[in-house]
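*Asks:* Take this structure first; my questions come after.
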Amino acid sequence: MRILGIETSCDETGVAVYDDASGLLSHELYSQVKLHADYGGVVPELASRDHVRKIIPLINKALADANTTKNELDGIAFTQGPGLVGALLVGSSVARSLSYAWNLPAVGVHHMEGHLLAPMLEDNPPAFPFVALLVSGGHSMLVKVAGIGQYEVLGESIDDAAGEAFDKTAKLLGLDYPGGPLLAKMAEQGEPGHYKFPRPMTDRPGLDFSFSGLKTFAANTIRASDNQPQTQANIAYAFEEAVVDTLMIKCRRALKHTGLKRLVIAGGVSANTRLRTKTAAMMSDLRGEVFYPSLAFCTDNGAMIAYAGMQRLKAGQFTELSASAKPRWALDSLPAV
Ligand code: KG4
Ligand code: ZN
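Numbering of the sequence shown is given in our numbering, commencing with residue 13 and proceeding in unit increments.
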């Protein structure tokens, strides 16, 4: 079976073709980063309009690169939510129109399920059950995953997502949007021991996160500093260390709570080198295993949507053509496969 996957939940237009037998056949990505950079964040209306411009050429290119045509497709997966409503509407309208025109089932995919299953595209995919840490620009959550669609949310951010905290702190350090990867790069020049940021909500039980206090702490620290490049790098280092430590403390707790030994880390922040290195060391200590997507599939992409859509298509779970985009959509409300 073969499926086209379309992602337009935020500021990346992603299109991919996935084949159940041969794997990923093609994936195309257009990032709107430059478009939004001047505004210091995503401007929803500009995002929607740019998806409209890019989506059809990307679909044509993905089909051509996969050396396939509509006649060989068995379905069309699209990100139904959560995300920016205007952006979601572009992908969902195009996907449902093609589904109608080509007489193929449409499959609405939950964006975070796409992230969660992205490591399944790798050569060494995780077996169920596992604990997933999903850390993106819009969400931070810990999920117990018993199988596809069997998700128990163990904890989530009560305010900013981890990626959002990276982006906001990066902005305070004068870095462009999205600042997460730029802050991480700056932190590489930082020296340990100069600043100590708090590890929010780690001193009490529970698996929820809170990152907005870190941003305030960063703002105050930056204001009181001399703003020299080395000082800024030291602040970036301490901030990144605090976020990574906090995430790891919660992962360790979630693994203990569930008795599981497999950890999956996905979403944009899973591209962070320090997070990857430190969790690898932690999981080796715990005699467990950690799985991440390859770097291209940490941030938003069409491949993860095609993969997740394929699992639902195989289970006969289609989406009505009248179904609307879901800007808010609880991950644990999905049906099991
Ligand atoms: O998953 P994603 O592409 O979009 C959402 O679904 O939100 O995640 C984007 C987020 C941004 O906040 C970005 O700054 C962050 O992931 N990010 C990183 C890194 N690469 C991307 N944060 C820290 N370190 C990185 N290397
Ligand atoms: Zn995402």
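Idealized CB from N, CA, C, for every residue including glycine. No experiment lies behind these values; they were computed from the predicted model shown.
Compute the Euclidean distance between the alpha carbons of G26 and I160, then round it to the nearest angstrom.
*Replies:* G26 and I160: Cα-Cα distance of roughly 22 angstroms.
*Asks:* Count Cβ pairs between the segment 168-186 and the segment 230-238 that sit closer than 8 angstroms; are there 3 or more?
*Replies:* yes
*Asks:* Does the distance from the CB of A28 to the CB of A318 come in under 9 angstroms?
*Replies:* yes
*Asks:* Which runs of the beta strand (DSSP E) at least 3 residues long sit entirely within the segment 253-324? Give them in chain order.
*Replies:* Listed in chain order, the beta strand (DSSP E) runs fully inside the segment 253-324 are 274-278 and 301-303, counting runs of at least 3 residues.
*Asks:* Just tell me which of N239, I67, R108 and G98 has its CA closest to the CA of L333.
*Replies:* R108
*Asks:* Taking only three categories from DSSP, how would you classify H122?
*Replies:* strand
*Asks:* Please identify the residue among P131, G328 and R340 whose C-alpha is closest to the C-alpha of A89.
*Replies:* Measuring from the Cα of A89, the nearest candidate turns out to be G328.
*Asks:* Grab me the residues of A266's own chain with a C-beta within less than 6 angstroms of its C-beta, minus the 5 sequence neighbours each way, in chain order.
*Replies:* V143, L154, L166 and L219
*Asks:* In angstroms with no decimal places, state the Cα-to-Cα distance between E24 and H269.
*Replies:* Going by the C-alpha atoms only, they are around 35 angstroms apart.
*Asks:* Nearest to Q44 by alpha carbon, out of K66, L36, Y30 and A33?
*Replies:* K66
*Asks:* Considering only heavy atoms of ligand 1, list every residue whose Cβ is less than 5 angstroms from one of them, following chain order.
*Replies:* S148, G149, G150, G175, F178, D179, P190, G192, P193, A196, G279, G280, V281, A283, N284, T311 and D312
*Asks:* Evaluate K156 with the Cβ neighbour count: other Cβ atoms within 10 Å of its Cβ, from every protein chain shown; 16 or more gives buried, anything less gives exposed.
*Replies:* Residue environment for K156: buried (at least 16 other C-beta atoms within 10 angstroms of its C-beta).
*Asks:* Taking the C-alpha atoms as reference points, what is the distance between S148 and G280?
*Replies:* 5 angstroms
*Asks:* Taking just the CA atoms, how far does R286 sit from C310?
*Replies:* 14 angstroms
*Asks:* Keeping to the same chain, check which residues put their C-beta closer than 6 angstroms to that of G225; ignore five residues upstream and five downstream.
*Replies:* P212
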